[in-house]
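Protein chains in written order, with the working numbering: chain H, 1 to 150; chain Z, 151 to 407.
Have a look at the structure below before the remarks.
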């Protein structure tokens, strides 16, 4: 079995990221940039090359009119630039993405998917300590969500 | 007696909420969240209505919860004024920490529904029953079962604090619970429409003047709103049980504010 990560970003303005940026400003945090991406981690049996070739073309995950994507292995590093300091990955506890798994397996032919984890990946130009504060003060409700700093 | 109905961008229940408030003889004013000229501290009570404030960006209620208007409402609540959050308004109060209000942190969530037949948004008619001691919102309710609608995707009260439920029970903060037509609290779907712990439909703060309620009492204020109603036009304008929540708010203000 192999694991693959799909990270999907918007190429049109991300209103949620803009609102989050301004809310953080009002809360007293000084950021120069904030990005938000949808994150999926697939646990799959079978041919990895074939899966990687196909998964980015699934339009319920990537709408090429407004999204672009990156595929990477879990242990590969993200591409960073000078404004990236910390990433915060937020997931809902108990979310097994069952309807997404079912759609991919039963309607779209990805029969070898065993499991999907999904979440929201925030990229912030702050240090880890500040990112943790931001996560706990805004991005995450720990009563039903969990997060990790990357 | 003036009640401010706080209108965040994306709320869509402000008009019918105002009508429900006025049906019991209070004056409702719909106040935009950024109307800094309005002296919010001059109002006798506050309602945060339903809808999708800020499009539920990040998660339902959180952006509105951080808005400066909530700081004013928090201070007025500390003076004992009633604050009612309905559906999205309930989510705003939870994300602001005003509910349950026991610590200086977010102790509870209104999490995505757990529902065996549908993922996401779910609307239906439910029954709730008052289970708390007298508070600002249940003064006229004894064992009545209120029939009213829910319409939400994130209505499940959830907490990681295993002791919180006991504290809420001890403090009498569980205001309403989902029940069946006999008033029994069967902790299963469809009686519980969203998997909320202990069938909780509404929670107050410890003082009983702030309440987060997920079902919509403003949609069960007149008999004509209740499914299956048969009667004359005049009878249709008569009160339904949801109105008692607003009547209670009025009585509370008369006696306490």
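We put the CB at the ideal spot given by N, CA and C, even for glycine.
Three or more Cβ pairs drawn from the region 195 to 211 of chain Z and the region 162 to 170 of chain Z lie within less than 8 Å of each other, which places the two stretches in contact. Out of 212(Z), 275(Z), 179(Z), 365(Z), the CA that lies nearest to the CA of residue 136(H) is found in 212(Z). Sequence-ordered contacts of the region 124 to 150 of chain H with chain Z read 138, 139, 141, 142, 143, 144 [C-beta pairs closer than 7 Å].
Neighbours of residue 256(Z) across chain H, judged by C-beta separation under 8 Å: 141, 142, 143. In chain order, 143 make up the part of chain H whose C-beta sits under 8 Å from the C-beta of residue 309(Z). At a cut-off of 7 Å between beta-carbon atoms, residue 213(Z) makes contact with chain H. Taking a beta-carbon distance threshold of 7 Å, residue 102(H) does not count as an interface residue toward chain Z. The beta carbon of residue 203(Z) sits closer than 6 Å to those of 158, 160, 161, 214, 238, all from its chain and outside the five residues before and after it, given in chain order. For the C-beta of residue 26(H), the chain Z residues within less than 9 Å are, from N- to C-terminus, 216, 217, 218. A direct Cα-to-Cα measurement between residue 324(Z) and residue 181(Z) gives close to 29 Å. Residue environment analysis places residue 313(Z) among the exposed positions, since fewer than 16 neighbouring C-beta atoms fall within 10 angstroms of its C-beta. Note that the C-beta distance between residue 143(H) and residue 371(Z) is not below 7 Å. Of all residues in the region 263 to 274 of chain Z, only 269 come within less than 7 Å of chain H when Cβ atoms are compared, listed by chain position.
In terms of beta-carbon proximity, residue 20(H) lines the interface with chain Z, with at least one pair separated by less than 7 Å. As DSSP reads the structure, residue 4(H) sits in a beta bridge with 42(H). Cβ contact annotation for residue 3(H) (same chain, cutoff 8 Å, sequence separation greater than five): 41, 42, 43, 44, 73, 74, in chain order.
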